[in-house]
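J.: Residue 464 in my numbering is what sits at position 472 of the sequence shown, and the numbering runs on without skipping anything.
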Amino acid sequence: MTELDKNLDTLATHLDRFRAQGIRNLINGETLPAATGAVFETRSPVDDSVICTVAKGGAEDIDAATRAARQAFPAWRDMAGTERKKILHRIADMIVERAEEIALCECWDTGQALRFMSKAALRGADNFRFFADRAPGARDGQTLPSDTLLNVTTRVPIGPVGIITPWNTPFMLSTWKIAPALAAGCTVVHKPAEFSPLTARILAEIAHEAGLPPGVWNLVNGMGEDAGRALTEHPAIKAIAFVGESKTGSMIMKQGAETLKRVHFELGGKNPVIVFDDADLDRALDAAIFMIYSLNGERCTSSSRLLVQDSIAEEFEAKLIERVNNIKVGHPLDPATEIGPLIHKVHFDKVTSYFEIAKQDGAIVAAGGERAGAQGWFVRPTLFTGATNDMRIAQEEIFGPVLTSIRFATEDEALRIANGTEYGLTAYVWTNDLTRAMRFTDRLEAGMIWVNSENVRHLPTPFGGVKASGIGRDGGDWSFEFYMEQKHIGFATGHHRIPKLGAS
Ligand code: NAD
């Protein structure tokens, strides 16, 4: 029996219950169908087979979930941070216990390769532990005494919040958003992406089994324009944390305007990896390949534009082509697989449309540029060379295993190209010239920059983008800044003169 067969067998045991009952919502601790009884199907991108049905929640379900979150809020807010910490650590423990189930379900639902997803479950647990440890200090503030007042600040959780997540690495991203909200003392209504509902359900179940009180975390499945929209418009929801496309972020901002929603947006990217000729080119090559072809290229922080100095471009691109052609596309549950299928036919059609667009714009398809296999949504890892920054393949987020290589001559030109998109999420700079690295990173328009490294996440650091890539930051204390209100209280010492009006 191969590893793949073994994994498929184990997966089948985990899917049985989803097949029998479908995925239902979790509102106020109760598993419920959608109020209308409507369902939709979730399919595996491996072979387009139906995995199970999913409750198609709408405004009524969102309202019920929000009422539950509102009712649960005062007790959760007032629970000692040390107690919240214990519950969040229990959730992390149970994620670790069910890591294999989570990884297998995530791979089957999204097409992500197991070699990356086994770690995603553990990273999800780490997110819970990180914010659990900070829960007791979440309300901490400052003392800012003046001559006549003892000024203190404190923070209070903002209230019930809505969390809307996308289909790329959905498990990890859900934990990334939900853990700090709960640690801060907020209650949550989570609307996961319609293409990837499996692990969101497992996660919510774990939370309840770990002792989270009913109503603190509610899960409503459904479509974006329906359940998602209702969540962003609900008056009792105080803030929306959203991860997804930039144009959806803009819609959510409009939808939330009426009720003055606080928003936190983690949006798209068209991130440059800039390779200067003085860099360690072997490491730069490994990192550039990893950052665009891992996770099927379906990652917001992917280095989808390679900016390579023309003095080394020929050799660098030749090595790149050889490696890209060698990447193993295959079944996501095969441990040897490096790239699995794209999430859905809709996304497959979008990604593959760029193969033609590239040619029309005058770029060269130097590797890939075609479907892989006859069934499922597999594509060959693709490299476009001879590109210029005004081409659609250099400007638009393709969100697949597709890299666009653009050559530059000087540092100024590299900077112009790097900053020449509407996005500004991450950038990766490869140079051994320290002064240039400092000068260059200072002028790069990106929320997160790595020098001589791929994206290595460190949870205390701020995560987020500039321009069309987002609003706000996650990580460290920044997450609490979003989920909490600052409060200032001034205690007078009784000595200052209060102006006397009408006292003549
Ligand atoms: P998407 O915007 O299509 O959907 C994301 C979520 O929003 C889904 O749950 C969807 O149902 C919901 N939604 C859609 N329309 C809505 C509406 N009108 N109101 C409320 N909710 C609505 O994004 P996607 O295709 O699922 O995910 C891929 C995108 O996410 C890419 O652009 C990627 O770059 C981005 N992303 C960004 C980050 C980051 O940290 N910056 C991280 C991961 C993904």
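The beta-carbon is built from N, C-alpha and C at its ideal position, and this holds for glycine as well. None of these values were measured; they are calculated from a predicted model.
Our contact map puts Leu211 next to Leu18 with C-beta atoms below 8 Å; I'd like the distance itself, whole angstroms only.
T.: So it is a contact: roughly 4 Å between Cβ atoms.
J.: Unbroken beta strand (DSSP E) runs of length 3 or more, entirely within the stretch 450 to 482: which are they?
T.: As far as the stretch 450 to 482 is concerned, it has no whole beta strand (DSSP E) run of at least 3 residues.
J.: Could you compute how far the alpha carbon of Gly154 sits from the alpha carbon of Thr45?
T.: C-alpha separation (whole angstroms): 24 Å.
J.: Residue ranges of each beta strand (DSSP E) run of no fewer than 3 residues wholly in the stretch 318 to 393, ordered along the chain?
T.: Taking only runs of at least 3 residues, the beta strand (DSSP E) segments lying wholly in the stretch 318 to 393 are 356 to 359, 374 to 379.
J.: With Leu395 and Ser296 assumed to form a contact (beta carbons below 8 Å), what rounded beta-carbon distance in angstroms separates them?
T.: About 6 Å separates the two Cβ atoms, so the contact holds.
J.: So, under 8 Å CB-CB, Leu417 and Gly457 are touching, yes? Tell me the CB distance rounded to an integer number of Å.
T.: About 4 Å separates the two Cβ atoms, so the contact holds.
J.: Considering only their Cβ atoms, is the gap separating Ala358 from Thr344 smaller than 7 Å?
T.: Going by C-beta atoms, Thr344 is not nearer than 7 Å to Ala358.
J.: Do you know whose CA, among Asp118, Trp100, Ala124, Ala95, lies nearest Ser110's CA?
T.: Out of Asp118, Trp100, Ala124, Ala95, Ala95 has the C-alpha closest to the C-alpha of Ser110.
J.: Run the proximity test for Trp470: is its beta-carbon closer than 6 Å to any non-hydrogen atom belonging to the ligand NAD?
T.: No, Cβ of Trp470 sits at least 6 Å from all heavy atoms of the ligand NAD.
J.: Could you round the C-beta distance between Asn(-1) and Leu114 to whole angstroms and report it? I think they count as a contact, below 8 Å.
T.: 17 Å between Cβ atoms; not a contact.
J.: Restricting to Cα atoms, I'd like to know which of Gly365, Trp369, Met383 is closest to Asp353.
T.: The candidate whose alpha carbon is nearest that of Asp353 is Met383.
J.: Sort Val181, Glu314, Ala233, Val267 by Cα distance to Thr402 and report the nearest one.
T.: Nearest C-alpha to Thr402: Val267.
J.: Closest to Thr179 by CA distance: which of Asn288, Thr453, Lys262, Pro66 is it?
T.: Checked all of Asn288, Thr453, Lys262, Pro66; the closest Cα to Thr179 is Pro66.
J.: With H, G and I counted as helix, E and B as strand and the rest as coil, what does DSSP make of Trp422?
T.: Looking at Trp422 - three-state DSSP - the assignment turns out to be strand.
J.: By Cβ distance, which residues of its chain are closer than 6 Å to Val316, with the 5 residues on each side in sequence left out?
T.: Excluding residues within five positions, the ones whose Cβ falls inside 6 Å are Ala359, Pro373, Leu375.
J.: Please identify the residue among Lys230, Gly133, Ala310, Ile79 whose C-alpha is closest to the C-alpha of Ala199.
T.: It is Ile79 whose Cα lies nearest to the Cα of Ala199.
J.: State the DSSP-derived secondary structure class of Lys78, mapped to helix, strand or coil.
T.: Correct three-state label for Lys78: helix.
J.: Tell me where the beta strand (DSSP E) around Thr146 begins and ends.
T.: Unbroken beta strand (DSSP E) run through Thr146: 141 to 149.
J.: Jot down the residue ranges of each uninterrupted alpha helix (DSSP H) in the stretch 220 to 258, minimum 4 residues, whole runs only, in chain order.
T.: Here the runs fully enclosed are 221 to 225, 238 to 249.
J.: When every heavy atom of the ligand MN is checked, does at least one fall within less than 6 Å of the C-beta of Asn160?
T.: No copy of the ligand MN appears in this structure; the ligands present are the ligand NAD.
J.: Which one of Ala175, Leu436, Glu217 has the shortest CA to CA distance from Pro184?
T.: The option with the nearest alpha carbon to Pro184 is Glu217.
J.: Judging by CA-CA distance, which residue of Val443, Gly365, Ala484, Leu259 is the nearest neighbour of Val271?
T.: Reading off the sequence, residue 271 comes out as Ala, not Val. It is Val443.
J.: Roughly how many angstroms lie between the CA atoms of Val371 and Arg291, to the nearest whole one?
T.: Approximately 16 Å, taken between the alpha carbons.
J.: Scan the stretch 102 to 180 and note each continuous alpha helix (DSSP H) run of 4 residues or more that stays entirely inside, going in chain order.
T.: Those alpha helix (DSSP H) runs which fall completely within the stretch 102 to 180 and span 4+ residues are 106 to 126, 162 to 176.
J.: With distance defined between alpha-carbon atoms, name the residue in Glu225, Leu259, Ile232 nearest to Ala239.
T.: Before going on, a small fix: residue 239 reads as Lys here, not Ala. Ranking the options by Cα distance to Lys239, first place goes to Leu259.
J.: Going by DSSP, what residue range makes up the alpha helix (DSSP H) through Ala531?
T.: Given that the chain is displayed from residue -7 to residue 496, the structure contains no residue 531 and the question cannot be resolved.
J.: By the three-class DSSP mapping on this structure, what secondary structure does Cys44 have?
T.: It is a strand residue.
J.: Rounded to the nearest angstrom, what separates Ala366 and Asn263 at their Cα positions?
T.: Their backbone Cα atoms lie some 31 Å apart in a straight line.
J.: Leaving out the 5 sequence neighbours to the left and right, which residues in its chain are closer than 8 Å to Thr23 when beta-carbon positions are compared?
T.: Arg16, Asn17.
J.: Give me the Cα-Cα distance between Glu405 and Thr157, rounded to the nearest whole angstrom.
T.: Whole-angstrom Cα-Cα distance: 36 Å.
J.: Starting from Leu(-4), trace the alpha helix (DSSP H) in both directions and tell me its first and last residue.
T.: Where Leu(-4) is concerned, the enclosing alpha helix (DSSP H) stretches over -5 to 13.
J.: Under three-state DSSP, which class holds Ser294?
T.: Residue state, collapsed to three classes: coil.
J.: Taking all protein chains shown into account, do 16 or more other C-beta atoms lie within 10 angstroms of the C-beta of Val448, making it buried, or fewer, making it exposed?
T.: By the neighbour-count rule (16 or more Cβ atoms within 10 Å), Val448 is not buried but exposed.
J.: So what does DSSP say about Arg399, is it helix, strand or coil?
T.: Looking at Arg399 - three-state DSSP - the assignment turns out to be strand.
J.: Opposite Glu22 in the DSSP bridges: which residues?
T.: Answer is Ile19, bridged to Glu22.
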